[in-house]
Structures are given as C-alpha cells and as structure tokens.
Amino acid sequence: MAEASISVGQDQFVCPVCLDLLKDPVTIPCGHSYCMGCIKGYWDQDDQKGVYSCPQCRQTFSPRPPLGKNAILAEMMEKLKKTRLQDAPPVLCDAEPGDVECDFCIEKKEKAVKSCLTCLVSYCQTHLQPHYEVTALQKHTLVKASTRLQDKICPRHNKLIELWCQIDEELVCYLCMVDEHTGHKIVTVAEERTEREKQLEEIQRKTQQRIQEREKEVQELRQAMESIRRSAQAAVEDSERIFTELIRSIERRRREVTELIRDQEKSELSQAEGVLEQLEQEISDLRRRDTELEQLSHTEDHIHFLQSFSSLCSPPGSEVSPSITVSSHLSFEDVGKSVSQLKERLEHFCKEDFGRLSTTNLMVIPPPEPQTREEFLQYSCDLTLDPNTANKHLCLSEGNRVVTWSNTVQSYPDHPERFDMWRQVLCRESVSGRCYWETEWSGDKGVSISVSYKDIRRKGRGRECGLGRSDQSWSLICFSSDYSFWHNNKETKLPIVPSSSRIGVYVDHRAGTLSFYSISDTMTLLHRVQTTFTQPLYPGSWVGLQSTVRLSCFRK
Numbered sequence: 001m002a003e004a005s006i007s008v009g010q011d012q013f014v015c016p017v018c019l020d021l022l023k024d025p026v027t028i029p030c031g032h033s034y035c036m037g038c039i040k041g042y043w044d045q046d047d048q049k050g051v052y053s054c055p056q057c058r059q060t061f062s063p064r065p066p067l068g069k070n071a072i073l074a075e076m077m078e079k080l081k082k083t084r085l086q087d088a089p090p091v092l093c094d095a096e097p098g099d100v101e102c103d104f105c106i107e108k109k110e111k112a113v114k115s116c117l118t119c120l121v122s123y124c125q126t127h128l129q130p131h132y133e134v135t136a137l138q139k140h141t142l143v144k145a146s147t148r149l150q151d152k153i154c155p156r157h158n159k160l161i162e163l164w165c166q167i168d169e170e171l172v173c174y175l176c177m178v179d180e181h182t183g184h185k186i187v188t189v190a191e192e193r194t195e196r197e198k199q200l201e202e203i204q205r206k207t208q209q210r211i212q213e214r215e216k217e218v219q220e221l222r223q224a225m226e227s228i229r230r231s232a233q234a235a236v237e238d239s240e241r242i243f244t245e246l247i248r249s250i251e252r253r254r255r256e257v258t259e260l261i262r263d264q265e266k267s268e269l270s271q272a273e274g275v276l277e278q279l280e281q282e283i284s285d286l287r288r289r290d291t292e293l294e295q296l297s298h299t300e301d302h303i304h305f306l307q308s309f310s311s312l313c314s315p316p317g318s319e320v321s322p323s324i325t326v327s328s329h330l331s332f333e334d335v336g337k338s339v340s341q342l343k344e345r346l347e348h349f350c351k352e353d354f355g356r357l358s359t360t361n362l363m364v365i366p367p368p369e370p371q372t373r374e375e376f377l378q379y380s381c382d383l384t385l386d387p388n389t390a391n392k393h394l395c396l397s398e399g400n401r402v403v404t405w406s407n408t409v410q411s412y413p414d415h416p417e418r419f420d421m422w423r424q425v426l427c428r429e430s431v432s433g434r435c436y437w438e439t440e441w442s443g444d445k446g447v448s449i450s451v452s453y454k455d456i457r458r459k460g461r462g463r464e465c466g467l468g469r470s471d472q473s474w475s476l477i478c479f480s481s482d483y484s485f486w487h488n489n490k491e492t493k494l495p496i497v498p499s500s501s502r503i504g505v506y507v508d509h510r511a512g513t514l515s516f517y518s519i520s521d522t523m524t525l526l527h528r529v530q531t532t533f534t535q536p537l538y539p540g541s542w543v544g545l546q547s548t549v550r551l552s553c554f555r556k
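Throughout the sequence shown, residue numbering follows full-length UniProt numbering, covering 1 to 556 in sequence.
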C-alpha cells in the first residue's frame with residue numbers, strides 16, 4: 001500500500017531543475033527539494049555574488065547553505081523507482097542497421113538501450129531489468145548504448161580503463177598504473193575530462209571569438225567591395241562625362257578650323273576672280289586691237305593708213321596694267337601642321353598620362369564616418385569582461401557585463417593574464433575594423449574607459465601595467481568633476497565635463513581613429529585620437545574605490 005501511495009503522488013518527487021525524478025535528493029532551508037547535482041550546479045553560478053536563492057520561491061541565503069542527503073526522500077525514491085520498473089512493461093524495438101544490438105537476445109536482436117561498463121555488454125530493455133533489480137548489479141555503471149565498449153578495455157591486461165596518466169598522457173587501467181606508471185601522476189578519467197573540458201571551453205571561446213572577428217572582417221570586406229563598386233561607378237560616370245565633353249570640344253574645334261579654312265578660301269578666291277576678270281577683259285581688248293592692226297597693214301589707201309596709224313600704233317606699254325597680288329603658292333599647310341601637332345599631343349597624353357591611372361593608384365572611398373547615434377549603432381558590438389584578467393578586488397556580475405570595486409578579495413584562481421596589482425579588467429572580445437560600444441559608470445573615485453593591446457603587462461605595480469600609462473593602451477579617465485585622456489603616461493586635460501555618465505567609444509581600426517563621446521539626448525565629442533593601430537584592441541577599465549562600470553548590451 002505504501003508503494004501504491006508513492007506511485008500516486010510521484011509528481012511531487014520531480015526535481016524542478018531537471019524535471020526528472022530526484023537523484024540524491026537534498027532539502028534546502030526553505031523546504032524545497034532538489035537533486036544534489038542540480039542545486040549544486042545552480043548555486044555554483046552565484047558564487048561570485050555570494051548570495052544564493054531557491055529556484056522555486058526565490059528565498060535567498062547567505063552564506064551558502066551546506067547540502068546533506070535527505071535519507072527519507074532517498075528511500076522513497078528507491079521504492080518509487082522499483083515500482084515504476086515493475087509496473088511499466090518494457091518497450092522493445094527491433095534493431096535496425098546502425099543501431100547497437102542487445103548482446104543477450106538470441107533469435108531476434110532487439111535494440112540496446114544501455115551498455116554496462118562493468119559487464120562490457122549492451123542490453124535491450126528486457127535484459128536490462130536485472131541491473132535495476134539485483135543489488136549486486138545496481139552498482140554497475142550504465143551508459144548510453146555504445147558499440148565501442150572494447151575501446152574501454154586495456155589491451156594489455158584486459159581490464160577496464162578508468163585512469164589517465166598525466167606524465168605519459170595515455171589511458172591506463174589499474175594494473176598499468178602498478179606495472180608501468182609507478183610514481184606517475186595518475187587521475188581518474190572523469191577528473192582528466194573535467195580539466196580537459198576547461199581547456200575545451202577556452203579553445204571554444206577563442207574559436208568563437210575568431211569566428212566573430214572573421215565575420216566582422218567579412219562584413220568590412222563586403223562594405224569595402226560595395227565602396228569599390230560605388231567608386232568605380234562614379235569614376236566611370238565622371239570619365240564618360242569628361243570624355244563626352246572632350247569629344248564635343250574637339251568636334252567644335254574641328255568645325256571652327258573647317259570654317260576658318262573655308263572663309264580664307266572664299267576670300268582668296270574672290271580676290272583672284274576679280275583679277276581674272278580684269279585680265280580676260282585686257283586680253284579681249286588686245287585681240288581686237290591686233291585685228292585692227294592686221295587690217296591696217298593690208299590697206300592700199302595711203303591716206304587711210306596714215307590717218308589710222310597714230311591711234312592704232314601707240315606703244316602698248318603706255319597703258320597701265322592692273323596690279324596682280326594673288327600668290328600662286330598660297331596653301332594651308334600651317335593649319336594642317338597645327339592640327340597634326342594637336343593630334344600628337346593627344347596621343348602622347350593617352351599613352352603617358354593614361355598609364356598612370358593604374359589600379360594601384362585608385363583610391364577606394366570608405367563609407368562616410370557616422371554622425372548620429374543611430375549611425376554609430378550600426379557598428380555596435382556586444383562585449384563581456386574576461387574573468388581571467390580581473391584584479392581580485394573587482395567583482396564581475398550580470399553575465400560579466402558589470403564590474404564593481406570590492407573590499408573583499410575575490411576567489412579568482414591565479415592566471416597569467418590577471419592584473420595582480422592594478423584594479424583593472426579587459427574584455428574577452430577584441431575590436432578591429434569599425435566598432436562602437438557604450439559604458440555607464442558611477443562612483444566618486446573615478447574609472448577609466450580604455451582600449452589596450454593584449455601585450456600589456458599584467459604583473460606588478462609598474463606604470464607599464466596601467467591602462468593609458470604606456471604606448472600599449474589609451475584611456476579616458478572619468479571623475480565627477482574632471483575628465484582627462486592618457487596615453488604613454490601623458491595626460492591631456494579635457495575642457496568638457498559632461499553631465500551624463502554614459503560614454504560612447506568608436507574605433508576605426510584601419511583609419512587609426514579612437515573617439516570618446518558623451519551620450520545624452522545628443523552625442524558630444526569628448527576627445528579623438530588619430531594614430532596607427534598595429535594590433536587588435538581590447539576594451540577594458542580601471543575601477544576606483546566604490547566605483548562601477550557597466551557595459552551596455554545592444555543584442556536584440
């Protein structure tokens with residue numbers, strides 16, 4: 001009857017976190033129960049805050065309550081598990097190609113649902129039941145059905161591989177540890193996996209960061225390609241317009257030269273035609289006189305001859321002939337030479353000057369620099385603070401987007417990238433190309449809004465470790481009554497003390513531009529740097545006593 005009553009109310013034994021039956025049940029001070037692994041994992045996320053809460057009622061606890069197994073619940077769960085196994089008929093499924101087959105099925109192979117690492121056998125639902133019912137078999141380790149069970153057996157000793165040698169970096173069994181790895185540092189495979197998972201997370205983080213960087217480079221490259229297309233189209237349109245105007249100008253000059261030649265031709269011909277008419281008239285008069293002289297010479301009348309002789313025989317040279325000024329050698333060679341010289345100059349320009357218009361000299365016009373906040377937000381990037389760089393007096397919260405000075409030393413592990421003396425932290429993500437982000441700060445002791453190369457020194461009190469104190473970093477130092485800019489340990493006092501505590505930062509890595517803005521209803525430029533960046537930049541902050549810096553989130 002007790003088991004029946006448990007079966008009726010089994011929903012109340014479901015863990016609110018994993019939504020499965022309680023495993024190693026624990027009850028926290030507010031009275032709610034959870035799997036021990038589930039509540040430990042949930043509270044591990046709140047270790048930095050130091051305040052822990054119940055996932056159901058949200059009641060908070062500080063310090064972290066100790067967790068002890070609820071023996072009564074554990075016993076009830078064990079009975080409930082047996083009841084469910086007895087009541088529920090096994091679900092059998094024929095094995096298909098690619099499925100793991102049950103090693104105990106003889107005639108018709110069913111699909112295996114679990115593999116036992118102790119037995120090194122795979123079981124279907126029916127043949128798996130003894131592992132739930134027999135006390136000795138309940139201690140065996142069951143995993144998802146796998147065909148690679150033999151890989152888990154040591155080929156030398158035919159024993160289960162459960163250990164990892166950190167010296168030789170190989171999987172070993174207990175006999176291997178005794179025979180061949182004496183004195184070596186040996187850990188369980190679970191411990192080694194935990195350590196490797198940390199490395200995997202770091203590799204995955206760097207890979208994702210690399211993906212983001214490459215995606216940003218792709219976006220910038222696409223923008224550059226679009227800029228090249230726009231520039232090329234503008235150049236084509238300008239050259240078409242200029243060449244059209246040049247062709248029209250040459251055509252106009254051609255018509256003017258032709259008209260000049262025709263006008264000169266007409267003038268010279270008109271003058272020559274007047275002279276020709278005079279000459280033809282003189283020839284006609286002379287021919288008529290020659291005829292009269294010929295007739296006079298044949299007359300027999302002496303009186304007539306003598307009377308006509310005086311009028312007809314006056315010397316021809318006594319008559320004045322018209323002056324002829326038309327040159328028979330008139331030509332237009334000079335005009336032809338001038339046009340030929342113009343042609344040669346144009347050809348020389350085409351050969352020499354056009355050769356300079358190579359692609360290496362073409363300047364790609366970048367997109368215009370943003371002017372309004374909406375335009376800046378097109379280049380917005382979401383940043384998170386890197387816990388591995390945070391000084392131990394800095395507390396990170398809200399998904400590593402907020403950093404606050406803390407009088408309590410944080411329990412961060414030692415790390416080569418951690419600032420051990422300066423109260424500083426850098427972001428996980430680097431920025432390149434065009435990037436924009438915003439931060440809000442508070443506190444009387446000031447903060448810095450900075451960017452830095454990754455090579456900045458992290459250990460010690462030297463100024464080379466401080467943001468803005470070396471040539472590796474640039475910092476806007478913000479106090480309630482004073483703003484200044486630092487780079488390479490040189491200070492630039494800013495005349496503007498903004499009323500808003502929100503600061504916008506804009507980086508154009510390729511152009512070498514770093515700009516800081518005060519953000520309110522409008523954007524006010526506080527300071528701009530023009531330089532040459534040689535490495536990716538990592539945003540970061542120095543945090544004064546009792547001060548806070550918050551990274552804005554633009555993710556939709």
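For each residue, glycine too, the CB sits at the ideal point set by N, CA and C.
Just so you know, these numbers come straight off a predicted model, no measurement behind them.
(message) Could you tell me the alpha carbon to alpha carbon distance between W437 and Q59, rounded to whole angstroms?
(response) Indexing the sequence shown from 1 puts residue 437 at position 437. Indexing the sequence shown from 1 puts residue 59 at position 59. In a straight line, the C-alpha of W437 is about 36 Å away from that of Q59.
(request) Return the Cβ separation of P55 and V17 in integer angstroms, given the expectation that the two are a contact with Cβ distance under 8 Å. (result) As a working note, residue 55 is residue 55 in the sequence shown. As a working note, residue 17 is residue 17 in the sequence shown. With a beta-carbon spacing of about 6 Å, P55 and V17 fall inside the 8 Å limit used to define contacts.
(message) Can you give me the C-alpha to C-alpha distance between A235 and Q48, rounded to a whole angstrom?
(response) Within the sequence shown, numbered from 1, the residue matching residue 235 stands at position 235. Within the sequence shown, numbered from 1, the residue matching residue 48 stands at position 48. One C-alpha to the other measures close to 59 Å.
(request) State yes or no: is the C-beta of T384 within less than 9 Å of the C-beta of L551? (result) For this step, residue 384 is matched to residue 384 along the sequence shown. For this step, residue 551 is matched to residue 551 along the sequence shown. In contact: T384 and L551 (Cβ atoms closer than 9 Å).
(message) Can you tell me whether L542 is helix, strand or coil according to DSSP?
(response) Start at 1 with the first residue of the sequence shown, and residue 542 comes out as number 542. The amino acid at residue 542 is misidentified as Leu; the sequence shows Trp. In this structure, W542 counts as strand in the three-state DSSP scheme.
(message) Buried or exposed, going by whether 16 or more other CB atoms sit within 10 Å of the CB of S62?
(response) For the purposes of this step, residue 62 is identified with residue 62 of the sequence shown, where counting begins at 1. By the neighbour-count criterion, in which a residue is buried when 16 or more other Cβ atoms sit within 10 angstroms of its Cβ, S62 is exposed.
(message) So if DSSP puts M523 in a beta bridge, which residue, or which two residues, is it bridged to?
(response) Here residue 523 refers to the residue found at position 523 of the sequence shown. By DSSP's assignment, M523 forms a beta bridge with I519.
(message) Rounding to the nearest angstrom, what Cα-Cα distance links M77 and D179 in this structure?
(response) Sequence index remark: in the sequence shown, residue 77 carries index 77 (1-based). Sequence index remark: in the sequence shown, residue 179 carries index 179 (1-based). If I take the Cα positions, the gap works out to 43 Å.
(message) Measuring only the C-alpha atoms, how far is K111 from T147?
(response) Within the sequence shown, the letter at position 111 stands for residue 111. Within the sequence shown, the letter at position 147 stands for residue 147. Taking C-alpha positions only, K111 is separated from T147 by approximately 12 Å.
(message) If I follow the unbroken alpha helix (DSSP H) through R214, where does it start and stop?
(response) For the purposes of this step, residue 214 is identified with residue 214 of the sequence shown, where counting begins at 1. Looking at the DSSP string, the run of the alpha helix (DSSP H) that includes R214 is 189-297.
(request) Please report the residue range of the alpha helix (DSSP H) in which S452 lies. (result) Translated into the one-based positions of the sequence shown, residue 452 becomes position 452. That residue, S452, is in no alpha helix (DSSP H); its beta strand (DSSP E) goes 447-452.
(message) Does Q424 pass the burial test, meaning 16 or more other C-beta atoms within 10 Å, or should it be called exposed?
(response) Translated into the one-based positions of the sequence shown, residue 424 becomes position 424. With a threshold of 16 other beta carbon atoms within 10 Å, Q424 meets it and is buried.
(message) Among the candidates G41, S53, Q45, Q264, whose CA atom is the shortest distance from the CA of H32?
(response) The sequence position of residue 32 within the sequence shown is 32, counting from 1. Residue nearest to H32 within the set G41, S53, Q45, Q264 is S53 (criterion: CA-CA distance).
(message) Tell me the rounded alpha-carbon separation between W474 and Q209.
(response) In the sequence shown, counting from the first residue as 1, residue 474 sits at position 474. In the sequence shown, counting from the first residue as 1, residue 209 sits at position 209. Rounded to whole angstroms, W474 to Q209 spans 22 Å at the Cα level.
(message) Taking contact to mean 3 or more Cβ pairs, one atom from each stretch, closer than 8 Å, check whether the stretch 182-201 and the stretch 156-173 are in contact.
(response) Contact check between the stretch 182-201 and the stretch 156-173: three or more CB pairs, one atom from each, fall below 8 Å, which counts as touching.
(request) Give the single residue among H298, Q125, S122, N488 whose Cα lies nearest to the Cα of R463. (result) For the purposes of this step, residue 463 is taken as residue 463 along the sequence shown, with counting starting at 1. Of the candidates H298, Q125, S122, N488, the one whose C-alpha sits nearest the C-alpha of R463 is N488.
(message) Cutting at 6 Å between CB atoms, please list the residues of its own chain near V431, excluding the five before and the five after it.
(response) Within the sequence shown, residue 431 is the residue found at index 431, counting from 1. Around V431: V507, L537.
(request) Would you decide whether T207 is buried or exposed? Buried here means 16 or more other CB atoms lie within 10 Å of its CB. (result) In the sequence shown, the residue the question calls residue 207 occupies position 207. When all chains shown are included, T207 counts as exposed.
(request) Just the C-alpha distance for S541 and C38, rounded to the nearest angstrom, thanks. (result) Locating residue 541 in the sequence shown gives position 541, counting from the first residue. Locating residue 38 in the sequence shown gives position 38, counting from the first residue. When rounded, the distance between both Cα atoms is 35 Å.
(message) Excluding the 5 residues flanking A190 on each side, which residues of the same chain have their C-beta closer than 8 Å to its C-beta?
(response) Numbered from its first residue, the sequence shown carries residue 190 at position 190. Excluding positions up to five away in sequence, the list is empty.
(message) 9 Å is my cut-off, CB to CB: does V335 come that close to chain B?
(response) Protein chain content of the structure displayed is limited to a single chain, and chain B is not contained in it.
(request) Grab me the residues of N388's own chain with a C-beta within less than 7 Å of its C-beta, minus the 5 sequence neighbours each way, in chain order. (result) Here residue 388 refers to the residue found at position 388 when the sequence shown is read from its first residue. Taken in chain order, the residues that qualify are H415, E417, R418.
(message) Below 8 Å on the Cβ atoms is my contact criterion, and I expect L160 with C173 to pass it. Report the Cβ-Cβ distance as a whole number of Å.
(response) Against the sequence shown, residue 160 aligns to sequence position 160. Against the sequence shown, residue 173 aligns to sequence position 173. Confirmed, about 6 Å.
(request) Take every Cβ of the stretch 400-409, pair it with every Cβ of the stretch 340-348, and state whether three or more of those distances are shorter than 8 Å. (result) No, they do not touch.
(message) Taking DSSP's pairing of strands, which residues face F426 in a bridge?
(response) Taking the sequence shown and counting its residues from 1, the one referred to as residue 426 is at position 426. As written in the sequence, residue 426 is Leu, which differs from the Phe given in the question. The secondary-structure analysis by DSSP pairs L426 across a beta bridge with G540.
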